[in-house]
């Protein structure tokens, strides 16, 4: 029911904003993103946060009198579908700006597609790692996985942990992350207790988990997708109920808990790329809380806050533009920090990652995060 309401609300937003202003009087923002596939809950939260900020801007009259049309298409997490939908957004909907979807494969596919390549668009803020992706036509809002892993190491170094295991799902996309973690272990004088290979069946993952638990690591770092991480946790906790397992911010916590079970997710921590969404410690956080209550019935999450911050960033970028639509050249050329309300970003740096903020949070029994 909640998903149906979300789809209806999104459709209403598109229709209402189109009715309020004619096409030449509106600014069109398009996005192809997973709303019903393997990362659907992440996508829905991300879009809810973006929508909320756009709603608040439209309520105040839009940008220089122009309302914003936010057009969202569901790519189900399929790269080919994302390429098709992005082409439609560019050619049929004539969007002025383009937000990214979820994952490296989706991002790579869109960037390599002929329609995108022949446009002037910059792909803005995909929920994806920036490693191994051509950065000439994409701006990442979130920090890289390297930054997230570095923060995890720095945090647990304070606890004197010198024996670490890795739960690794071998793939071309995870190779760099694995190599980076191995280099960090050597750099920090930390022993590799062992590596559990997660690129196999659930029964094989269970055997790998048993073998890693017998090596008695003091912490395990997961480099894997949500499903493989969940299967590993479910098996690992049967032998080791208390060792810390750490993952990154794009693990789907709902799916993780559903597959692994509540008991297995105890003592798991995740890096986070925004501050606590339930706190009003900064003006960005309090604004997010207030406007989510005003415009949405969605629960607050780290992803709704990230979407909210991305929406606010994109609106600031649009306000800087007075040249080619979608190119964001003025924004990219901007020097210095941009304050979103206690969270600072920069639009131009060598890595194309606007934010460097990372925190860490513990997954609680009720599925929420404790920062």
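In this note's numbering, the protein residues as written are 24 to 394. Every residue, glycine too, gets a C-beta built ideally from N, C-alpha and C. Bear in mind that the values here come from a model prediction, so they are computed numbers and not experimental data.
Nearest-angstrom beta carbon gap, residue j and residue i [assumed within contact, 8 Å]
{"i": "residue 75", "j": "residue 331", "result": "6 Å"}
{"i": "residue 55", "j": "residue 96", "result": "5 Å"}
{"i": "residue 80", "j": "residue 326", "result": "Not really, about 20 Å apart at Cβ, beyond 8 Å."}
{"i": "residue 101", "j": "residue 60", "result": "7 Å"}
{"i": "residue 246", "j": "residue 197", "result": "5 Å"}
{"i": "residue 282", "j": "residue 254", "result": "7 Å"}
{"i": "residue 370", "j": "residue 384", "result": "Wrong, their Cβ atoms sit about 27 Å apart, outside the cutoff."}
{"i": "residue 243", "j": "residue 188", "result": "4 Å"}
{"i": "residue 340", "j": "residue 354", "result": "4 Å"}
{"i": "residue 69", "j": "residue 344", "result": "Wrong, their Cβ atoms sit about 23 Å apart, outside the cutoff."}
{"i": "residue 342", "j": "residue 86", "result": "6 Å"}
Which residues DSSP lists as bridging residue i, in chain order
{"i": "residue 393", "result": "385"}
{"i": "residue 364", "result": "Partner(s): none; residue 364 has no beta bridge."}
{"i": "residue 93", "result": "52"}
{"i": "residue 86", "result": "89"}
{"i": "residue 120", "result": "52"}
{"i": "residue 218", "result": "189"}
{"i": "residue 369", "result": "360"}
{"i": "residue 125", "result": "150"}
{"i": "residue 376", "result": "163"}
Exposure label - residue i; buried when at least 16 CB within 10 Å
{"i": "residue 29", "result": "No answer about residue 29 holds up, because its pLDDT of 48 lies below 50 and its placement is not dependable."}
{"i": "residue 35", "result": "Bear in mind that a pLDDT of 43 at residue 35, under 50, signals an unreliable position, so the model cannot answer this."}
{"i": "residue 98", "result": "buried"}
{"i": "residue 362", "result": "exposed"}
{"i": "residue 115", "result": "exposed"}
{"i": "residue 134", "result": "buried"}
{"i": "residue 82", "result": "exposed"}
{"i": "residue 73", "result": "buried"}
{"i": "residue 205", "result": "exposed"}
{"i": "residue 182", "result": "exposed"}
{"i": "residue 209", "result": "exposed"}
{"i": "residue 265", "result": "exposed"}
{"i": "residue 31", "result": "At residue 31 the pLDDT is 40, less than 50, meaning the model places this residue with poor confidence; the figure from the coordinates comes in the next sentence. Classification of residue 31: exposed, given that the 10 Å Cβ count is below 16."}
{"i": "residue 252", "result": "buried"}
{"i": "residue 320", "result": "exposed"}
{"i": "residue 389", "result": "exposed"}
{"i": "residue 295", "result": "buried"}
{"i": "residue 248", "result": "buried"}
{"i": "residue 192", "result": "buried"}
{"i": "residue 78", "result": "buried"}
{"i": "residue 62", "result": "buried"}
{"i": "residue 335", "result": "buried"}
{"i": "residue 360", "result": "exposed"}
{"i": "residue 144", "result": "buried"}
{"i": "residue 316", "result": "exposed"}
{"i": "residue 358", "result": "exposed"}
{"i": "residue 308", "result": "buried"}
{"i": "residue 365", "result": "exposed"}
{"i": "residue 51", "result": "buried"}
{"i": "residue 84", "result": "exposed"}
{"i": "residue 142", "result": "buried"}
{"i": "residue 387", "result": "exposed"}
{"i": "residue 219", "result": "buried"}
{"i": "residue 257", "result": "buried"}
{"i": "residue 45", "result": "The predicted model places residue 45 with a pLDDT of 47, which falls under 50 and marks its position as unreliable; any figure quoted below should be read in that light. With fewer than 16 other Cβ atoms within 10 Å, it is exposed."}
{"i": "residue 190", "result": "buried"}
{"i": "residue 200", "result": "buried"}
{"i": "residue 232", "result": "buried"}
{"i": "residue 195", "result": "exposed"}
{"i": "residue 153", "result": "buried"}
{"i": "residue 202", "result": "exposed"}
{"i": "residue 216", "result": "buried"}
CB contact check: residue i to chain C, cutoff 9 Å
{"i": "residue 310", "result": "The structure shown has no chain C; it contains just one protein chain."}
beta-carbon residue i near the ligand NAP non-hydrogen atom, thresh 8 Å
{"i": "residue 156", "result": "Looking at this structure, you won't find the ligand NAP or any other ligand, since it has none at all."}
### Message
Which runs of the alpha helix (DSSP H) at least 4 residues long sit entirely within the segment 225 to 252? Give them in chain order.
### Response
225 to 237
### Message
Could you check whether the segment 218 to 238 touches the segment 281 to 291, counting it as contact only if at least three pairs of C-beta atoms, one from each stretch, sit closer than 8 Å?
### Response
No: fewer than three Cβ pairs fall under 8 Å.
### At least 3 beta-carbon pairs within less than 8 Å: the segment 114 to 130 vs the segment 142 to 150
With a cut-off of 8 Å, the segment 142 to 150 and the segment 114 to 130 count as touching, because enough Cβ pairs lie within range.
### Task
Starting from the N-terminal side, write out each stretch of the alpha helix (DSSP H) that is 4 residues or longer and does not extend beyond the segment 265 to 314.
Within the segment 265 to 314, the complete alpha helix (DSSP H) runs of at least 4 residues are 276 to 283.
### Task
Check whether the segment 255 to 271 touches the segment 172 to 189, counting contact only when three or more Cβ pairs, one atom from each stretch, lie closer than 8 Å.
yes
### Query
Does the count of Cβ pairs from the segment 298 to 313 and the segment 84 to 95 closer than 8 Å reach three?
no
### Task
Decide yes or no for the touch test of the segment 301 to 310 against the segment 275 to 282: beta carbon pairs closer than 8 Å, at least 3 of them.
no
### Query
Are there three or more Cβ pairs, one per stretch, closer than 8 Å when the segment 373 to 387 is compared with the segment 162 to 170?
yes
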